[in-house]
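Numbering (our numbering), first residue to last: 141 to 187. Ideal Cβ placement from N, Cα and C applies to all residues, glycine included. Given the structure is predicted, the values throughout are model-derived calculations rather than measurements. See below for the structure under consideration.
Pasting the structure below:
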């Protein structure tokens, strides 16, 4: 998906969502940048 398509994903999502871009990270972001992904998830998910 293009960045514009990702940013327009709100039309297809029910519930809260947020678009985040991790610079220098490829398709397997959870393997390439696990700390950044974990930090974003912890910040997004309710406690």
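Does the distance from the CB of residue i to the CB of residue j come in under 7 Å?
i           : j           : result
residue 159 : residue 169 : no
residue 176 : residue 185 : no
Where do the N-terminal and C-terminal ends of the alpha helix (DSSP H) with residue i fall, by residue?
i           : result
residue 144 : 143-147
residue 158 : Segment: none, residue 158 is in no alpha helix (DSSP H) and carries neither H nor E.
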